[in-house]
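Each remark here refers to the structure printed beneath this line.
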Amino acid sequence: MNGRKHLLEPLAQCRSLLQRFKAARSLTNTKLLHARIVVTGLLPTSGSSAAAKVLSNLALAYALCGHAPHAAALFDGLPERSPPLCNALIRMYNLCGRHREALRVFVGMLGPGRCPPDNFTYTFVCKACGELSLLDVGFAVHGKVFAAGFDSDAFVQNALLALYMNCGQMAAARKVFDEMQERTVVSWNTMISGYFKNSYAGEAVMIFKLMMNTGVEPDSATVVSVLPACGNLKELDLGKYVHTIVEEKGLGNKNIAVSNALLDMYAKCGRMDEAEAVIREMDKRDVVTWSAMINGYVLNGDVRKALDNCLLMQFDGVKPNPVTISSLLSACGSSFLLKLGRCLHGWSVRQKLESDLLIETALIDMYAKCKRVDVSFHVLARALQKRTAPWNAILSGCVHNGLAKEAIQAFKHMLIEEVEPNLATVNSLLPAYAILADVQQAMNIHGYVARSGWVINVEIITGLIDVYTKCGHLESAHRLFNDIPRNEKDIVVWSVIIAGYGMHGHGEAAVLLFKEMVHSGVHPNEVTFTSVLHACSHAGLVEEGLDLFNFMLDNNPVTPHFDHYTCIVDLLGRAGRLQEAYDLIKAMPFKPNHAVWGALLGACVIHENVELGEIAAKWLFELEPENTGNYVLLAKIYSALGRWKDAEDIRHMMKKIGLRKAPAHSLV
DNA sequence: GTAGGGTTAG
């Protein structure tokens, strides 16, 4: 009996020590104590409840320290488990990303006579389901929350919001949110970031505005949630307003994420001057700061400045990461900086980052944009994992280079390799079928897309419509178009169908659709105007075209472009109204380009107008001296009018500048 | 011990 008392004392001591270690989350001390307990050899034989408590606390201490192997081993050996211990274990698994194991612990808590989950448990479990996007499990968990009566717990509600947002269930999240009696700042923040993550930036901004109107105090998480949405929507004014909140509350001083979000917002709104002002005020910068800065300059087309910032970053003692590199690679692609792209590729290899998903994808994209799809395929071939993004990059790379057959081949290869296609895959692939313009193949891919259940997506339907119009199958295109609900018809799909009709000479239909679009409340943009004007010029609808052109000039947000002037010059020119076309060119708000003069010259050929033809040709010879077509066209006018001598002179002129590509007979 | 947050992206 005396002996037992002695045994218990060290255990009691252990317990009090464990309390301290748990609080301090000290793994070293926990391990030392564990060793001491093992060495004494008392625990396995004692079997007392005190011993069980020590073991349980030891498991808890390991769980709190994040040491999964020991926590799990001890946990498995326990005859009884308490909710706090289970919770700690679930939390631990969540923290190290092992959400499935977290759920397994939760399942072990269920069942009669087991360990009933409490409100804490549910917050962790929601987190695990959300991270895994397990909607069905999430629903079941929500049911259990109801049954256990935790549905009015503010923490659990917030966790449910996050769960639904992570599963893309905005409506379900909204329902929980609307029914909450007590919304904390976390609830609002979860809604804002949730909407944005599900690409509903507009809704995110709306919730933020509602939050401000409700008088809820925003915190740093609020601003970092709403700022990306401001940047995405280019809502500079709202972004600036958020900036004033940050200044008033001093949120930027203690939190680098806030300044980074501000900087990024300005960069996305094209205000690098403001972004520079933000970075100047920061007393510490991290890799996110510099990446946002570099990416900002890349987005705004200033590669020079992006590279300068890359240097500044290194002077600042910050090392680039895959995000930084992928921004720079994207700049290389859009500016055809193959040499620099290769250097970055080399750097990635040396840093052992070449198989990083971002870098791998960016490399494939960069080489393709630099017209080296062969190297893109090389990069892809070295990739081992079955990841979708690099394959998508190769598909769009092929399409970008007009390699439609190769894109389709690559897609088939992708399916054979069991790489999971996603929406972006289909979006990248469809233009290949538009290039091929083969109805049979179009119907095949349409069938595939339909079977895969992707025809609910407007973007995909738009792609299919484009394919059918390019194949000349306007009925199929229109059928797809009609099936889109009225409020989901966006500017892109309208532009595509209008262009489709225009392309095949159905000018009236195109104009009608255009009017229908405006009537439905969708505002035309530069692209839509190009499509409809093009349709008019192809179908010879002079008055309609001019009306629309004037409508566009009155339509403030749309600024006329070269394309629009080219269409109108073409339109007037074909109709024989050459002087008007020339007058329009002279009245253009910017220097006419080769396309505009080309349209006039083309019209002059049709109507055999030498005076204006010579003027147009003179400009064209200056703008694109290498283009043999222009010489040929002018010579054609001379020949048509029997001015053989002048035609001959043009031929000499071509010879003199070394242009031999045009066959001699085309000059007469 | 609970929930929300910054740079990329086909």
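Its first residue numbered 534, the first sequence is counted upward by one per residue in our numbering. Beta carbons are placed, not taken as given, at the ideal position from N, Cα and C, and that holds for glycine.
Considering only the beta carbon of each residue, do residue i and residue j sit closer than 9 Å?
i	j	result
Thr755	Ile789	no
Tyr728	Phe683	no
Lys677	Pro650	yes
Leu928	Met899	no
Val749	Leu771	no
Val761	Asp797	Here the sequence assigns Pro to residue 761, which means Val is not the residue at that position. Yes. Within cutoff.
Ile1024	Leu997	no
Gly1033	Lys1003	yes
Arg624	Ala606	no
Ala800	Leu832	yes
Ala706	Leu694	yes
Ser888	Ala916	yes
Leu891	Val856	yes
Thr563	Ala585	no
Met846	Arg818	yes
Leu844	Leu862	no
Leu628	Leu665	no
Going by other Cβ atoms of all chains shown within 10 Å of its Cβ, with 16 needed for buried, is residue i buried or exposed?
i	result
Gly1038	exposed
Ser985	exposed
Glu807	buried
Lys919	exposed
Lys1189	exposed
Val1242	The structure shown does not extend to residue 1242, since the chain is modelled only from 534 to 1201, so the question has no answer here.
Arg804	buried
Trp1177	exposed
His1071	buried
Ser582	exposed
Glu1048	Sequence inspection shows Lys at residue 1048; the Glu mentioned does not correspond to that position. The residue is exposed, with fewer than 16 neighbouring Cβ atoms inside 10 Å.
His776	buried
Gln714	exposed
Gly1131	buried
Thr747	exposed
Ser1064	buried
Arg716	buried
Phe1082	buried
Ser949	In the sequence as presented, Ser is not what sits at residue 949; that position holds Ile. Burial call: exposed.
Lys538	Residue confidence for Lys538 is low, a pLDDT of 44 falling below 50, so the modelled location carries little weight and cannot support an answer.
Could you give the first and the last residue of the continuous alpha helix (DSSP H) run that contains residue i?
i	result
Ile812	805-814
Phe710	703-712
Cys931	921-933
Asp1096	1095-1107
Glu1155	1143-1156
Asn765	753-766
Thr561	560-573
Cys865	855-867
Gly1175	Run containing Gly1175: none; DSSP gives neither H nor E here.
Lys938	937-949
Ala1136	1127-1140
Cys700	Where Cys700 is concerned, there is no enclosing alpha helix (DSSP H), given that its DSSP letter is neither H nor E.
Asn627	616-628
Cutting at 8 Å between CB atoms, please list the residues of its own chain near residue i, excluding the five before and the five after it.
i	result
Gly610	Leu588
Asn652	Phe683, Asp686, Phe688, Val689
Val719	Asn691, Ala754
Gly1040	Tyr1034, Ala1068, Cys1069, His1071, Ala1072, Gly1073, Leu1074, Glu1077
In its own chain, which residues sit with a C-beta less than 6 Å from the C-beta of residue i, not counting the 5 before and 5 after it?
i	result
Asn854	Val820
Val1164	The question names Val, but residue 1164 in the sequence shown is Tyr. These residues qualify, in order along the chain: Ile1183, Met1187.
Val1029	Thr995, Ile998, Asp999
Val932	Ala940, Pro964, Ala965
Thr894	Ala922, Pro923, Ala926
Ser829	Reading off the sequence, residue 829 comes out as Gly, not Ser. Answer for Gly829: Ala800, Met805, Ala808, listed in chain order.
His603	Tyr595
Only counting the same chain, and skipping five residues up and downstream in sequence, which positions put a Cβ closer than 7 Å to that of residue i?
i	result
Gln546	none
Val791	Ser753, Val756, Val757, Val779, Leu784, Gly785
Asn960	Glu992, Ile993, Gly996
Ser1009	Tyr1001
Leu1133	Val1102, Gly1106, Ala1114, Tyr1115, Ile1118, Leu1145, Ala1149
Arg1019	Ser1053
Ile897	Ser909, Val912, Leu913, Pro923, Ala926, Ile927, Gly930
Asn990	Leu956
Give a single yes or no on whether residue i has its beta carbon closer than 8 Å to a heavy atom of the ligand ZN.
i	result
Asn590	Inclusion of the ligand ZN in the displayed structure is not the case, the ligand content being empty and no account of it being possible.
With three or more C-beta pairs closer than 8 Å as the rule, is the region 776-785 touching the region 822-842?
no
Looking at C-beta atoms only, is the number of pairs between the region 961-971 and the region 927-941 that lie closer than 8 Å three or more?
yes
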